[in-house]
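See structure below.
There are 2 protein chains.
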Amino acid sequence: MRWKGDRVEFLDQRLLPDQTVYVACRTAAEVAAAIRDMVVRGAPAIGCAAAFGVVLGKKTKEAFDVLAASRPTAVNLFWALERMRGAEDAAAEAVAIYEEDIAANKAMGDHGAKLVPEKARVMTYCNAGALATGGYGTALGVVRSAKRKSISVIACETRPYLQGARLTAWECVQEGIPVTLITDNMAGHLMSRGEVDLVVVGADRIAANGDTANKIGTYMVATLARRHGLPAPSTCRSPTARRSPSRSARPAK
Amino acid sequence: MRWKGDRVEFLDQRLLPDQTVYVACRTAAEVAAAIRDMVVRGAPAIGCAAAFGVVLGKKTKEAFDVLAASRPTAVNLFWALERMRGAEDAAAEAVAIYEEDIAANKAMGDHGAKLVPEKARVMTYCNAGALATGGYGTALGVVRSAKRKSISVIACETRPYLQGARLTAWECVQEGIPVTLITDNMAGHLMSRGEVDLVVVGADRIAANGDTANKIGTYMVATLARRHGLPAPSTCRSPTARRSPSRSARPAK
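Line by line, the protein sequences are chains F and X.
Going by the working numbering, the first sequence wraps up at 709, each residue one higher than the last.
Going by the working numbering, the second sequence wraps up at 709, each residue one higher than the last.
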């Protein structure tokens with residue numbers, strides 16, 4: 457995503473990996489449409505996009521309303537809107553949200569990379585990469601930071617929308633990180649053969665007790681990882697991590 | 457599959473569910489091509505098809521060779537060829553193989569149906585139905601026999617070839633059995649929400665110790681079922697069941 461002062465440009469994720477096309481949005485309604493139509497996706501990316509949308513919409517009530525309705529399930533969206541509501545300099549605040557997201561991802565990537573062994577075969581699910589965030593990525597941020605360890609990636613295709621096949625595999629190719637694309641149902645088989653060392657996934661949200669919310673299928677991968685004794689950390693940056701009560705409302709650990 | 461004396465006709469499984477087209481094969485080579493090109497698939501169906509192929513090929517060495525090369529991983533194929541080799545009346549033997557398969561599936565279906573509770577929500581994977589066998593089906597044979605118990609089916613789409621989406625869902629619709637199609641990665645989520653009562657899958661082969669061989673992803677479904685305390689029997693009819701040593705060569709239980 458690129459902020460140009462009078463517009464924000466999104467790499468159209470619906471057309472990847474076949475085409476690299478940027479969509480320019482000049483109004484809050486256009487940003488909301490880009491979110492709704494999946495031009496831009498991924499919780500952190502949606503938060504950044506919405507912040508720029510507020511700037512383009514000059515902080516009007518209409519701008520907040522149209523953006524809030526674009527993806528009602530995205531917690532980052534509402535967090536970003538709330539932060540923009542209190543900002544004195546909207547453009548500076550939006551840029552701050554965007555840059556803080558990238559900085560946080562880099563810090564999380566460096567932190568997570570310490571957990572990644574040399575030559576690890578890292579399985580990931582969906583796309584928690586640069587495309588899903590302001591930049592760098594959460595789960596793929598860990599992979600990026602661990603790149604010098606000669607790792608390789610196993611990307612689950614992630615049905616039905618194929619974010620793993622279309623986006624994660626594409627990001628790895630851009631980075632020069634070896635990547636193998638598999639159908640989701642192959643994950644358990646590879647684990648059972650000892651061909652996976654580590655699983656890293658993103659999270660839409662992480663509750664105070666460690667419960668996570670993420671794309672359907674993440675539970676499957678996590679359950680299989682546990683069955684095979686594999687570490688499978690979820691990556692999710694503040695502000696939405698560790699703020700929510702868990703579904704089962706267990707006390708925080 | 458329909459035996460017409462001078463030809464065998466296969467419902468082209470590559471075109472389902474959009475088109476219902478029968479492909480007529482008049483030579484062993486045509487039957488071998490139908491197996492190789494996935495016009496007909498499923499271990500028991502391939503065995504029946506190969507038997508008819510031997511009849512059409514007049515039991516020549518060329519007929520056996522071309523059929524044996526059509527799907528080297530199908531145990532039923534080689535079992536059927538071996539049985540045809542020893543037959544005095546080839547046509548009668550092929551029809552017997554075909555009819556025995558349907559009768560065995562019906563018996564197995566009736567047997568398995570006793571394990572299915574009233575109103576059970578039965579998850580299945582891939583296609584182990586009439587299309588994969590001489591008729592009636594193995595896993596879907598259990599479903600067919602349990603139809604009067606007001607059951608419903610959850611069909612995993614089964615990537616990459618979508619046998620669940622294209623074939624199992626189609627068979628259920630033909631039978632008037634309520635069916636819900638899901639992506640494979642949704643299986644664990646539904647189990648965790650208590651929306652699955654039973655899992656029934658097919659098997660290419662079952663070893664003496666109970667180990668099974670089947671389409672990739674079956675292991676994932678079985679592992680998730682175990683995690684959630686769900687019964688998940690494999691269905692596979694003789695002759696290839698319980699004849700093979702297991703991969704791990706453990707003693708028979």
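Ideal placement from N, C-alpha and C gives every residue a C-beta, glycine not left out.
Boundaries for R661 (chain F): no alpha helix (DSSP H) harbours it, while the beta strand (DSSP E) harbouring it runs 661-663, taken from the DSSP string. Bridge pairing for T636 (chain X): X:I610 [DSSP]. For C582 (chain F), no beta strand (DSSP E) run applies, since DSSP gives it neither H nor E. By the rule that beta-carbons nearer than 7 Å mark a contact, N561 (chain F) does not touch chain X. As the crow flies, the alpha-carbon of G666 (chain X) is around 56 Å from that of E555 (chain F). Inclusion of T589 (chain F) and G673 (chain F) in the CB contact set at 7 Å is not warranted, their separation being larger than that value.
When Cβ-Cβ separations below 7 Å define contact, N583 (chain F) makes no contact with chain X. A straight-line Cα-Cα distance of about 7 Å links D640 (chain X) and D640 (chain F).
Using a Cβ-Cβ cut-off of 8 Å, A643 (chain F) is close to M676 of chain X, given in chain order. Residue range 643-648 is occupied by the alpha helix (DSSP H) that includes A643 (chain F).
Our two residues, L587 (chain F) and G620 (chain F), have alpha carbons roughly 11 Å apart in a direct line. Under the 8 Å Cβ criterion, the stretch 484-496 of chain X counts as touching the stretch 507-519 of chain X, having at least three qualifying pairs. Residue environment for K671 (chain F): buried (at least 16 other C-beta atoms within 10 angstroms of its C-beta). Residues of chain X whose Cβ lies closer than 7 Å to the Cβ of I672 (chain F) are, in chain order, N641, M642, H645.
For G658 (chain F), there is no enclosing alpha helix (DSSP H); the enclosing beta strand (DSSP E) has its first and last residue at 654-658.
Across the structure, G461 (chain F) and M540 (chain F) are spaced so that their CA atoms are roughly 16 Å apart. A Cβ of chain F is located within less than 7 Å of the beta carbon of P616 (chain X).
Here L471 (chain F) is exposed. Its C-beta has fewer than 16 other C-beta atoms within 10 Å.
Proximity of R683 (chain X) to chain F, defined by a Cβ-Cβ separation below 7 Å, is satisfied. Apart from the 5 residues on each side of it in sequence, R615 (chain X) sits with its Cβ closer than 7 Å to the Cβ of D640 in its chain, given in chain order. Ranking F:V609, F:N583, F:R492 by CA distance to the CA of L533 (chain F) puts F:R492 first. In the displayed model, R683 (chain X) falls within a helix according to three-state DSSP.
Take E651 (chain X), set aside five residues on each side of it, and the residues of its chain with a beta-carbon closer than 7 Å to its own are R577, in chain order. Ranked by Cα distance from L537 (chain F), the options F:T529, F:P528, F:A524 are led by F:A524.
For S648 (chain X), the chain F residues whose Cβ falls inside 8 Å of its Cβ are Y675, in order along the chain. CA-CA distance, I638 (chain X) to W535 (chain X), rounds to 34 Å. Exposure of D521 (chain F) is indicated by the presence of fewer than 16 other C-beta atoms within 10 angstroms of its C-beta. Taken in chain order, the whole alpha helix (DSSP H) runs of length 4 or more contained in the stretch 485-536 of chain F are 499-512, 517-524.
Taking 7 Å as the threshold, the shortest C-beta distance from T580 (chain F) to chain X does not fall below it.
The C-alpha of I502 (chain F) lies about 11 Å from the C-alpha of T529 (chain F). Straight across, the Cα-Cα distance linking V677 (chain F) with A643 (chain F) is about 7 Å.
The C-alpha of L654 (chain F) lies about 49 Å from the C-alpha of E465 (chain X). Contact with chain X is found for T679 (chain F), since one of that chain's Cβ atoms lies less than 7 Å from the residue's Cβ.
L467 (chain X) is bridged by DSSP to X:Y478.
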